[in-house]
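Below: the structure, in structure tokens.
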Amino acid sequence: MMLQSNALPLEEKAQDGLKKVLIIAYYWPPAGGPGVQRWLKFVKYLPEFNIHPIVFIPENAHYPLIDKDLSLEVSKDITILKAPINEPYKWAGLLSKKSSKTISRGIISENKKQSIIEKLMLFVRGNFFIPDARIGWVKPSVKRLSQYIEKEHIETIITTGPPHSMHLIGLKLKTQLGVKWLADFRDPWTTIGYHKQLKLTRASKAKHKRLENQVLNTADQIIVTSSVTKHEFNKLTTKPINLITNGYDYESSETAPLDSKFTLSHIGSLLSKRNPEILWQALRDLTETHNEFSQDFQLNLVGAVSDDVLQSITNYKLSKYLDNKGYVSHKEAIEYQRKSQLLLLIEIDSEDTKCIIPGKLFEYMISNRPIIAVGPMGSDVEHIIKETNTGHYFGYTDYQSLKSTILEHYKAYKSGTLKTHPVGLEKYHRKSLTHSLSKLL
4 MMLQSNALPL EEKAQDGLKK VLIIAYYWPP AGGPGVQRWL KFVKYLPEFN IHPIVFIPEN
64 AHYPLIDKDL SLEVSKDITI LKAPINEPYK WAGLLSKKSS KTISRGIISE NKKQSIIEKL
124 MLFVRGNFFI PDARIGWVKP SVKRLSQYIE KEHIETIITT GPPHSMHLIG LKLKTQLGVK
184 WLADFRDPWT TIGYHKQLKL TRASKAKHKR LENQVLNTAD QIIVTSSVTK HEFNKLTTKP
244 INLITNGYDY ESSETAPLDS KFTLSHIGSL LSKRNPEILW QALRDLTETH NEFSQDFQLN
304 LVGAVSDDVL QSITNYKLSK YLDNKGYVSH KEAIEYQRKS QLLLLIEIDS EDTKCIIPGK
364 LFEYMISNRP IIAVGPMGSD VEHIIKETNT GHYFGYTDYQ SLKSTILEHY KAYKSGTLKT
424 HPVGLEKYHR KSLTHSLSKL L
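Using my numbering, read the sequence shown as starting at 4 and increasing by one per residue.
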């Protein structure tokens, strides 16, 4: 059974001249984390471009992160459809609640540190649930939505993944009904970093590839969030691929004074492989050789942090400078960004991560705080930071320049002149990005 929101009847929307578009998504408030923001904001602005969004979501999803504040941003004027979903994570929790929770959040331990239970759970997740743990929602969703689409005369659908099971719903609806279908990839499919950690058999790898190929060559339009992913997909399909990045929205918040400490803050998850030892080394050396820096410095980690990262911080004698905040709401995360002296952005040093553009980057860019980013050279993040003049980007071998830049920023902090001078941010506003999306519909 599907539940409809208390929005105006769709007949009235049609009479108002609004085009009805069905959006199939897994992540939606009260879910927290970056996967929610993209379509929450698109849905917010689509009515301004004569489009009425109808959002289809799970009724009882197993969200690893909850942010109830985001529910306040959902307009009462949109139509929301819900259907129940059965997910394996609640059953996996009977074996190991901790492993189930961390895996569902994308935090996977180094292979040599994985318990037998964690290895088993990764193997089952990778080989028995293809493409992901929400595969069981595909068949019942197709049945429900087929009836709804025909009844409401909907001509366009959008699926957004991961989880890429959402694209399989779109694939079947496209095949059965011939609707126009846009497949939105917030992250890649078979080349995303964690894919290699799922202990896939040869047959499972082949199945992932086959499904990916079907989606890319059946959808009418492909949407990606990075130019690297666009280049990658161009080798796999001749279908139109459109680059629409994530972006920022102006958040209402009182202006808070900057931290009195020289705070370096990382917002978001720090996974085991996203462990910038080059940064910890630079900070250790600065604290040991500059007494005044040592007295002023504070490291803020705001979000889920793996035990491997915390151990590295301990090994580099930085524990006494650490304030590990844990996961906070999006509203609180924005407040930390605005009052921090420097903002840290860390990505795994891999070819596979050059296409990853964290949603927080765009919020970082409008915070007026300098960004220190460490990641693979030639990434989309490096291009955007340099293009907008919002910070500095370093590779994993740039120890000396990273250390020197942090010290320069510290001197600016002491003199009260630490800030950024960004350029060209307007095109990354959520309304501008939604305008680009509306042209495809």
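Think of the CB as a built atom: it goes at the ideal place given N, C-alpha and C, for glycine as much as any other residue.
Residues of its chain near residue i, where Cβ-Cβ distance is below 7 Å and the 5 sequence neighbours each way are ignored
{"i": "Trp-140", "result": "Pro-61, Ile-88 and Ser-168"}
{"i": "Ser-441", "result": "Leu-49, Phe-52 and Ile-54"}
{"i": "Asp-72", "result": "Ser-332, His-333 and Lys-334"}
{"i": "Gly-250", "result": "Phe-365, Tyr-431, His-432, Arg-433 and Leu-436"}
{"i": "Gly-427", "result": "Glu-390 and Thr-391"}
{"i": "Trp-283", "result": "Ser-315, Ile-316, Tyr-319 and Leu-321"}
{"i": "Lys-406", "result": "Ala-285, Asp-288 and Leu-289"}
{"i": "Val-308", "result": "Leu-273 and Asn-327"}
{"i": "Ser-445", "result": "Nothing in the structure corresponds to residue 445, since the chain is present only between 4 and 444."}
{"i": "Ile-244", "result": "Ile-225, Val-227, Lys-233, Phe-236 and Asn-237"}
Cβ separation of residue i and residue j, assumed to be a contact under 8 Å, to the nearest whole Å
{"i": "Glu-500", "j": "Lys-23", "result": "Absent from the structure is residue 500, since the part of the chain shown begins at 4 and ends at 444."}
{"i": "Ile-152", "j": "Val-182", "result": "6 Å"}
{"i": "Leu-261", "j": "Lys-342", "result": "5 Å"}
{"i": "Ala-136", "j": "Thr-162", "result": "Wrong, their Cβ atoms sit about 17 Å apart, outside the cutoff."}
{"i": "Ile-359", "j": "Arg-277", "result": "Ile-359 to Arg-277, Cβ: 10 Å. No contact."}
{"i": "Leu-347", "j": "Leu-267", "result": "6 Å"}
{"i": "Ala-86", "j": "Arg-128", "result": "With 8 Å as the limit, Ala-86 and Arg-128 do not qualify as a contact, their Cβ atoms being about 23 Å apart."}
{"i": "Tyr-399", "j": "Ile-247", "result": "About 29 Å separates the two Cβ atoms, so there is no contact after all."}
Close Cβ partners of residue i (< 8 Å) along its chain, the five nearest in sequence each way excluded
{"i": "Thr-290", "result": "Phe-296, Ser-297, Phe-300, Lys-320, Leu-321 and Tyr-324"}
{"i": "His-386", "result": "Ser-230"}
{"i": "His-424", "result": "Asn-392"}
{"i": "Leu-43", "result": "Trp-31, Pro-32, Leu-73, Glu-76 and Val-77"}
{"i": "Glu-354", "result": "Pro-379"}
{"i": "Thr-474", "result": "Here the chain covers residues 4 to 444 and nothing more, so residue 474 does not appear."}
{"i": "His-211", "result": "Ile-133, Pro-134, Trp-192, Thr-193, His-198 and Leu-203"}
{"i": "Val-39", "result": "Tyr-30, Trp-31, Pro-32, Asp-70 and Leu-73"}
{"i": "Lys-175", "result": "Val-141 and Val-145"}
Exposure of residue i, with buried meaning 16 or more beta-carbon neighbours within 10 Å
{"i": "Arg-433", "result": "buried"}
{"i": "Arg-213", "result": "exposed"}
{"i": "Ile-81", "result": "buried"}
{"i": "Gly-35", "result": "buried"}
{"i": "Met-124", "result": "buried"}
{"i": "Thr-159", "result": "buried"}
{"i": "His-269", "result": "buried"}
{"i": "Met-368", "result": "buried"}
{"i": "Tyr-396", "result": "buried"}
{"i": "Lys-177", "result": "buried"}
{"i": "Asp-190", "result": "buried"}
{"i": "Glu-90", "result": "buried"}
{"i": "Glu-235", "result": "buried"}
{"i": "Phe-131", "result": "exposed"}
{"i": "Tyr-253", "result": "exposed"}
{"i": "Arg-205", "result": "exposed"}
{"i": "Thr-232", "result": "buried"}
{"i": "Thr-228", "result": "buried"}
{"i": "Gly-20", "result": "exposed"}
{"i": "Ile-119", "result": "exposed"}
{"i": "Pro-56", "result": "buried"}
{"i": "Ala-259", "result": "exposed"}
{"i": "Gly-164", "result": "buried"}
{"i": "Gly-394", "result": "buried"}
Neighbourhood of residue i by C-beta distance below 6 Å, restricted to the same chain and skipping five residues each side
{"i": "Phe-265", "result": "Asp-299, Phe-300, Gln-344, Tyr-413 and Tyr-416"}
{"i": "Glu-215", "result": "Trp-192 and Thr-193"}
{"i": "Lys-101", "result": "With a pLDDT of 49 at Lys-101, under the threshold of 50, the modelled position of that residue is not reliable, and no figure is offered here."}
{"i": "Ser-454", "result": "One cannot answer for residue 454 here, as it falls past the ends of the chain, which runs 4 to 444."}
{"i": "Lys-422", "result": "Asn-371"}
{"i": "Pro-37", "result": "Gly-362"}
{"i": "Trp-184", "result": "Ile-160, Gly-173, Lys-177, Ala-222 and Asp-223"}
{"i": "Leu-25", "result": "Ile-57, Ile-157 and Ile-160"}
{"i": "Leu-98", "result": "In this prediction, Leu-98 scores a pLDDT of 43, lower than 50, which makes its location untrustworthy; the coordinate-derived value is nonetheless stated afterwards. Excluding positions up to five away in sequence, the list reads Ile-120."}
{"i": "Phe-59", "result": "Ile-27 and Leu-84"}
{"i": "Val-312", "result": "Leu-273 and Asn-278"}
Residue i at chain C interface by Cβ criterion, 7 Å
{"i": "Tyr-253", "result": "Going by chain labels, chain C is absent from the structure shown, which holds only one protein chain."}
Quiz prompt | Contiguous alpha helix (DSSP H) assignments of at least 4 residues, all confined to the segment 181-237 | solution = Within the segment 181-237, the complete alpha helix (DSSP H) runs of at least 4 residues are 205-221 and 230-237.
Quiz item: Hey, is the segment 168-184 in contact with the segment 26-42, meaning 3+ C-beta pairs nearer than 8 Å?
Solution: Three or more beta-carbon pairs drawn from the segment 168-184 and the segment 26-42 are found closer than 8 Å, and the two stretches are therefore classed as touching.
Quiz item: Are there three or more Cβ pairs, one per stretch, closer than 8 Å when the segment 300-312 is compared with the segment 260-279?
Solution: Under the 8 Å Cβ criterion, the segment 300-312 counts as touching the segment 260-279, having at least three qualifying pairs.
Practice problem: Kindly confirm or deny that the segment 220-235 and the segment 363-374 touch, where touching means at least three C-beta pairs closer than 8 Å. | Solution: Fewer than three beta-carbon pairs drawn from the segment 220-235 and the segment 363-374 are found closer than 8 Å, and the two stretches are therefore not classed as touching.
Self-check item: 3 or more residues per run - each beta strand (DSSP E) lying fully within the segment 241-321
Solution: Runs found: 244-246, 265-270 and 300-305.
Exercise. Mind listing, in chain order, the continuous beta strand (DSSP E) runs of no fewer than 3 residues lying wholly within the segment 337-368?
Key: Entirely contained in the segment 337-368, the beta strand (DSSP E) runs reaching 3 residues are, in chain order, 345-349.
Exercise. For the segment 35-63, list the beta strand (DSSP E) runs that are entirely contained and at least 3 residues long, ordered along the chain.
Key: Complete beta strand (DSSP E) runs here, min 3: 54-61.
Quiz item: Residue ranges of each alpha helix (DSSP H) run of no fewer than 4 residues wholly in the segment 367-394, ordered along the chain?
Solution: Qualifying alpha helix (DSSP H) stretches, in chain order: 383-391.
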